Structures are given as C-alpha cells and as structure tokens.
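Here the structure is laid out as structure tokens; the discussion comes afterwards.
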Amino acid sequence: MPKSNSVSDKPHKAFHSTKEMFEKMEESFKICAQCERDLPFPTQVWPCPPNKVNGWRDWLCMQGDLTPKLDPILSGQNMIDLWSNGSRPRPEDSELRESVWRVCSEFLSRPLTIGLGIRMFQLDPYSRPLTVHLVGASHNETLGARTTDLDELSRMFPGHQGLEVVMVGPEVVPGPIMRPPLRAFGPRGRVYISGYKGLYHEFWEEVVEKGNAAKPNLVVGFHPGINAELQKTLHLFMEMEICVKETGSNPFCSLKPEQMPKSPNKTPIYANAHYVSFQGLLEIKEEEGQN
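For the sequence shown, the positions run -5 to 285 when the numbering used here is used.
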C-alpha cells in the first residue's frame, strides 16, 4: 500500500506492554489477511492463444477496464477496516486502485509464471494431464492459500486435460491446500492444488517413489535461493552438464515492490523478476538404463 513520503507524517504509537504490542501486531495481521480474501479480482478466459500474450501489457489489454473489478474491493468492508484501524489517512481512490492492482499482480504472477514454464518446455496441456511441482513454496504462496488460487491457468488453457500443482517446502502453511497429491489424472479442465510441508527430496523419497504422487512434467522454484550467486550456480550447471535452456526477465513478474528483511536500505525487489530454465537428466538416464 502507498507509504508516506515523510517519517514525520506517521503518528507516534506507544505500547504500554509487550502484550499490547503483540495484540496490535496480531490485529494488524488479521486485518491484512482478511483484506486479501477479496484478492485477486475475477478474470476472463483468454480469448487468444497463450503464445500471443507476451507480458502484462497484453494481459491487461485482454482483460479490459479493471476499474469495475477493483472498485468493489476498494469499497468493501475489509478495505474500510484496513484504513480505519491503520492509523493513516486513506489515499485517493486512484492511488489505492493502482496499489491494489500491484498486490493482485503478485497473486497472478504465480500461475502466469507456471504457464510460461509450460510454454517454454512445449508441454501440451490439451494432449495429456500435467503435473507441476512447486519447489520451495513458503508462506508467500501458502499463507491463506485457497484451492482456487491458480485457476488463472484454466483461463490460460481453457479445456485442458487437467493440471496438478503440488506446493512443496519446509515453510508451507497448513490450510485447505494441505491435501494428498493425486496418484492418477486430475479433473479435466480444472487445477488441483495440494501441499507438502518438508524438503523436496523428502517429498520425493516419501511420496513420489512410493507411488503416492505422480512424477512431474515440470518443476518450478519461485525463490530457490540462487539469486545472490547466480553466476556460480550457472557454472555449476555447466560442470554437471545440465542443459541451461534459457535465462531472462520474467514478463509476468510481480509489480509489487518488496523490501528485503535483512537489507532494509537496499533497492526494493520484485518477486519472480527473472528465470533460469534447464533440462534435467533423470529421465534420459532412466531411458538409457532400460535400453
């Protein structure tokens, strides 16, 4: 949300006890979580093939005027509670509308980035069901997550054969998505989300290898921890003879700036801003062993 340009504009707040401070923090958390229930706004089935939508500009043109979709969020009780309890004056609707859109872009960036991966590896969701493993999922993706959070994929690929996304990570938050992954094909035309709290190799050994989950057609990591040492990571891929197919800027990165908790004085970052795509060797080795 918009921030004041001056520190002096912020009202001074004193806490009389640690208990009061944590009560206020919990209250603020509940308000923000409640407000996010209204997000993202409903979207339209894509009227053109995914390869014709090359970024946010194309996506926005396809959706048309967002004002009728954003205004109900601005006038909703959750937004009213957010500002009445936030000890700050409410911004102008035009500013608030832009801010809500940036928050929505973070939600939408996730399914659109998965869809980009499906396209890049030329996977065809119309010819067969697809399974995607989302590695390193954390509270960003799973706090308050709903089983419908990735439905933009069904609007991107209407009439697909079934898409399953398994969110795996030690920071996965319990909720509706914490259900078993599919062993067989998912429901046609729908996205099935499940979650697993733990490391990916644990999920693979305990669930996939025992036949309780399908092997993935695509593995996606939104924040796999390689950004700070990207060059060294790419050299490691080369040494391991892993085929790095492509690197670049993500055309569907989040538009919401975020401050790094450990580096508050550095320039804000944007989630899913860049990507590295590489082809694994596992299936190739398995095929060679069978031959």
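Here a beta-carbon is modelled for each residue, glycine too, at the ideal position from N, C-alpha and C. Here the structure is a predicted model, which means the values were calculated and not measured.
Quiz item: If you drop the 5 nearest sequence neighbours on each side, which residues of the same chain put their C-beta closer than 7 Å to that of Ala267?
Solution: Ser243, Asn244, Cys247
Quiz item: Near Gly163, what residues of its chain come up, given a Cβ to Cβ distance below 6 Å and the 5 sequence neighbours on each side ignored?
Solution: Gly130, Ala131, Ser132
Quiz item: Taking the C-alpha atoms as reference points, what is the distance between Asn45 and Trp53?
Solution: 11 Å
Quiz item: Who pairs with Thr241 in a beta bridge, going by DSSP?
Solution: Val270
Quiz prompt | Check whether Thr141 and Ile112 have beta carbons under 8 Å apart | solution = no
Quiz prompt | Beta-carbon contacts of Val202 that lie in its chain and below 7 Å, excluding the five residues immediately before and after | solution = Lys209
Quiz item: What first and last residue would you give for the alpha helix (DSSP H) that runs through His133?
Solution: 133 to 136
Quiz prompt | Same chain, Cβ closer than 7 Å to Pro34, five either side skipped, listed in chain order | solution = Cys98, Phe101, Leu102
Practice problem: Flag this pair as yes or no: are the beta carbons of Ile67 and Val47 separated by less than 8 Å? | Solution: no
Quiz item: For Glu89, is the beta carbon positioned less than 7 Å from some heavy atom of the ligand NAP?
Solution: The ligand NAP is absent from the structure shown, which contains no ligands of any kind.
Quiz prompt | Enclosing alpha helix (DSSP H) for Ser99 [first to last residue] | solution = 87 to 114
Quiz item: Excluding the five sequence neighbours on either side, which residues of its own chain have a C-beta within less than 8 Å of the C-beta of Arg84, listed in chain order?
Solution: Trp77, Leu90
Quiz item: With 16 as the cutoff for other CB atoms within 10 Å, does Val166 come out buried or exposed?
Solution: buried
Practice problem: Give me the Cα-Cα distance between His127 and Pro168, rounded to the nearest whole angstrom. | Solution: 18 Å
Quiz item: If we ignore side chains and look at the alpha-carbon of each, how far apart do Tyr120 and Pro175 end up?
Solution: 21 Å
Practice problem: Use the C-beta contact count for Glu146: other C-beta atoms within 10 angstroms, 16 or more gives buried, fewer gives exposed. | Solution: buried
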